[in-house]
Amino acid sequence: RILADMARWDAAASAAATAAASQDELHAKNEQDQLANSSNVSALQLISSRASPEDLVGVLEQGLAELRREESSTMASLKENFDRQYSSGKERSAELLNEQGRLNNTREQVMFQQQQL
7 RILADMARWD AAASAAATAA ASQDELHAKN EQDQLANSSN VSALQLISSR
57 ASPEDLVGVL EQGLAELRRE ESSTMASLKE NFDRQYSSGK ERSAELLNEQ
107 GRLNNTREQV MFQQQQL
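In terms of the numbering used here, the sequence shown has 83 at position 77, counting the first letter as 1, and numbering is strictly consecutive.
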């Protein structure tokens, strides 16, 4: 009788362990599927969830595409700012050259009047 009880307990424990392992595998698979379908997944999340290499490559490709979009946007913004500041500087330079010419004329007139005196 004791052996029969031990055999039943062993079978029950084995069945429980198998069920728990299956449930853990199912949970991990569901987590991987959720992460793989999410657009905001970090590589660390994929690694920690034991994702496949293909999933990790996909996430890296998405990240690279996002960086390219940001780079393009940033470059356009920088070019716009540069063009605006360059134009402003060019106008300021022209104004300063005009003022310098006016001041040079004034100085020449003053020097001429000084010689006349």
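The beta carbon of each residue, even a glycine, is placed where N, CA and C say it ideally should be.
Checklist entry - Just the Cα atoms here: how many angstroms apart are V116 and F88? => result If I take the Cα positions, the gap works out to 41 Å.
Checklist entry - In the stretch 43-123, which residue ranges form an unbroken alpha helix (DSSP H) of at least 4 residues, counting only runs that do not cross its ends? => result Complete alpha helix (DSSP H) runs here, min 4: 49-54, 59-122.
Next on the checklist: Quick check on the burial criterion: 16 or more other C-beta atoms within 10 angstroms. Buried or exposed for V65?
Outcome noted: Answer is buried; the Cβ neighbour count reaches 16.
Item to check | Straight-line Cα distance separating M81 from Q68 | outcome: About 20 Å.
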